[in-house]
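Taking the working numbering, the leading residue of the sequence shown gets 564, the next gets one more, and so forth.
We treat Cβ as the ideally placed atom computed from N, Cα and C, and that holds for glycine.
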Amino acid sequence: MLFYSQIDDLNSTKLGEGTYGHVIKSRFRQTNIAIKYATDPSHRESLIREAKIILTHIRHPNCIRIFGFYDCPKNGMGVAMELMDCSLLTMIVDPSLVLTKRTIEYKIDHAISWLYQLSDAMNYFHSGNHVHRDLKLQNLLLCNRYHTLKVCDYGTFTTLHESMTLNRGTPITMAPEIIRGSKQYTTKSDIYSFGIIMWQIIARRDSPYLASNPHDAYAIYWNIVAKNLRPPQISCNPVLSRFYERCWHDDPNKRPNSQEVMRYFSLLKEVSSHFIVNQCYDPSPSWYQTSRMMANLPLIHNGDDYLWW
C-alpha cells in the first residue's frame, strides 16, 4: 500500500477516462506514475484482481510494472503503475499524436522490435503455464521514446487450461476455437491473437475487416468461423506474411508455439539490422545462415525498404 504522503496529488493531471473509471498522472518518489481508478465496485474488484496478478505472478521487462495500491481520499482505491507514452493502437491509428518530437519514425525495424518484445512476454506467460487471453493493440503500451513495448490489462490472465463460462477477449483477435465454444484457452489461442496483431502492425491498420462493421462482434464471429475470414493480403515480404498466416491458422495444432515465435523474431532482428540499420550486405557465414533460415526464401540482397514493408 502506498501512503498518501508519498503521492504528489497537488500536481496530478488526468490522462483519460472511460466507462471503467479514469487514469491520472502523478508523482511517486520523484518518478512520474499513472494511477488507475475504477468508478463502481465491480470494476474496482476487477482492477484490484488485475493488480494482484501482476504483483504476484508477473516479473518481466515487457510487462507493465505495478508499484502498489493507493487509497486516495478523493478518488478511493486506485492502482499505481509505471507511466507509459502511448498505446500501440494510438501509434498505428494516429502517430502524429505521439510523434510531435519526431523521436522515432515508425518503420519495419521498430515493428520487428515490438513484435519480438511481445513474443518474449508471451513466451514468459506460456512457460509459466499461463495465458493472457486478450492480446490486442490497446493492451500493448510503449515507453522509452516508443522503443519499449509492455503488455498490460491482465483482467483475463489465467492458468493454462482453466475452464471458462464466458468467452473473454476481443472479436478481432479471438481465436476461432474460442468462438466455436471451446471452454478452455490454450497457448495457441494467444498465438492466433499475435498473428492478427502482427498483421495490424505491418499493415498500419487497426481494423483488419473493413467489409464488416468493426463494432458488430457477431458478424465478425460468424465470418471468422463460417467463412474462415482473415485480414486481407497486403504488400509485404513473404517472410512476414507466411508467418502471420501460420499464426492465425484455423487449426491450433498448425500454429507455432511461443518459443518458435520468439526465435523467429530474434532471427528477423538480426537480419533487419543489416538491411534497415546498416543498409548493407554482410557476407559473413553467420549472417548467411540466419538469412537462409527465413522461411526457406532466396537470399534478400539489397536494402530496399519495400522488400520488408
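| Check | Outcome |
| --- | --- |
| Three-way DSSP call (helix, strand, coil) for MET654 in this model | helix |
| Beta carbon of ILE759 nearer than 8 Å to that of PRO794 | yes |
| TYR851 versus GLU833 - alpha carbon distance | At TYR851 the pLDDT is 45, less than 50, meaning the model places this residue with poor confidence; the figure from the coordinates comes in the next sentence. The straight-line gap from Cα to Cα measures roughly 11 Å. |
| Cβ-based neighbour list, GLU645, same chain, cut-off 6 Å, excluding 5 preceding and 5 following | ARG628 |
| Rounded separation between SER745 and ILE787 - CA only | 15 Å |
| Separation of ASP814 from LYS664, as counted between CA atoms | Low confidence applies here, because LYS664 scores a pLDDT of 49, under 50, leaving its location unreliable; read the following figure in that light. LYS664 and ASP814: Cα-Cα distance of roughly 44 Å. |
| Beta-carbon proximity check, THR736 vs LYS699, cutoff 8 Å | yes |
| Cβ distance (whole Å) where GLN680 is taken to contact LEU712 below 8 Å | 4 Å |
| Chain-order list of residues whose beta-carbon lies under 6 Å from that of TRP677 (same chain, five-residue window excluded) | LEU712 |
| Limits of the alpha helix (DSSP H) - the one that SER609 falls within | 604–620 |
| Boundaries of the alpha helix (DSSP H) in which ALA684 is found, first to last residue | 671–690 |
| Nearest-angstrom Cα separation, counted from GLU608 out to ASN816 | 36 Å |
| Cα-Cα separation between TYR669 and MET654, rounded to whole angstroms | 8 Å |
| Assigned exposure category for LYS577 - 16 Cβ within 10 Å defines buried | exposed |
| Beta-carbon proximity check, ALA738 vs SER752, cutoff 8 Å | yes |
| 6 Å CB neighbourhood of MET647 in its chain, flanking five on each side removed | LEU704, CYS706 |
| Opening and closing residue of the beta strand (DSSP E) in which SER752 lies | It is not in any beta strand (DSSP E) - SER752 instead sits in the alpha helix (DSSP H) that spans 750–766. |
| Cβ distance (whole Å) where ASN686 is taken to contact SER821 below 8 Å | 4 Å |
| Integer-rounded CB distance, given that ASP683 should sit under 8 Å from HIS625 | The amino acid at residue 625 is misidentified as His; the sequence shows Asn. Contact holds; Cβ gap of about 6 Å. |
| In DSSP terms, what MET647 is bridged to | Answer is none; MET647 lacks a bridge partner. |
| Span of the beta strand (DSSP E) around ALA738 | Counting along the chain, ALA738 falls outside any beta strand (DSSP E), and DSSP gives it neither H nor E. |
| Helix, strand or coil at GLU580 according to DSSP, with G and I counted as helix | strand |
| Secondary structure of CYS799, DSSP reduced to three states | coil |
| Residues that ALA597 bridges to, as DSSP identifies them | LYS588, MET644 |
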